[in-house]
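Since the structure comes first, as structure tokens, the remarks are kept for the end.
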Amino acid sequence: QVQLVESGGGLVQPGGSLRLSCAASGFTSSIYAMNWYRQTPGKERELVARISSAGAGGSTNYADSVKGRFTISRDNRKNTVYLQMNSLKPEDTAVYYCRADRLIPIWGQGTQVTVSS
């Protein structure tokens, strides 16, 4: 079954860290660009970070709002993409989604991140 499963969300205090995981199954994620998006109620889904395919060099891009705080990476042996989030702010609170840029994109189910004291 082709799917993406996110994990690692939760409640964290401002200034804290979380690492999100996106495990792919049924396909090899390294041959596709992979993305992390986030969404809050009433707003469109926002692209947070992107990593190109292994064949394209695995280059990364970030939204301005998370540059210097978030890092996207991939472990091809585990077929998993990660989002390391540091110095979290209340405005980072959202549901975070993983997406694979296949011909027909695949989305995970999302994981909630709440930054609050």
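Quick note: the sequence shown uses this note's numbering, first residue 158, plus one each step.
Don't be surprised by glycine CBs; every beta carbon is placed ideally from N, CA and C.
Gly-215 and Arg-231 closer than 8 Å at C-beta: yes
Buried versus exposed, by CB contacts within 10 Å (16 or more), Ser-174: exposed
When we look at the beta-carbon of Asp-249 and count the other beta-carbons within 10 Å, is it buried (16 or more) or exposed? buried
Is Gly-167 helix, strand or coil by DSSP? strand
Within 7 Å: the Cβ of Lys-224 and any heavy atom of the ligand HEM? As presented, the structure is devoid of all ligands, the ligand HEM included, so that no description of it is given.
On the CB-based measure, 16 or more other CB atoms within 10 Å of its CB, does Ser-195 come out buried or exposed? Correcting the residue type first, residue 195 is Arg in the shown sequence and not Ser. Classification for Arg-195: buried.
By alpha-carbon positions, which one of Ser-210, Asn-236, Thr-197 ends up nearest to Pro-247? Thr-197
For Ser-186, name the three-state secondary structure that DSSP assigns. helix
Which whole-angstrom value is the C-beta distance of Gly-166 and Thr-268, which I expect to be below 8 Å? 3 Å
Cβ-Cβ separation, Val-205 to Gly-183 (assumed contact under 8 Å), whole Å: The pair is not a contact, with the Cβ atoms about 24 Å apart (cut-off 8 Å).
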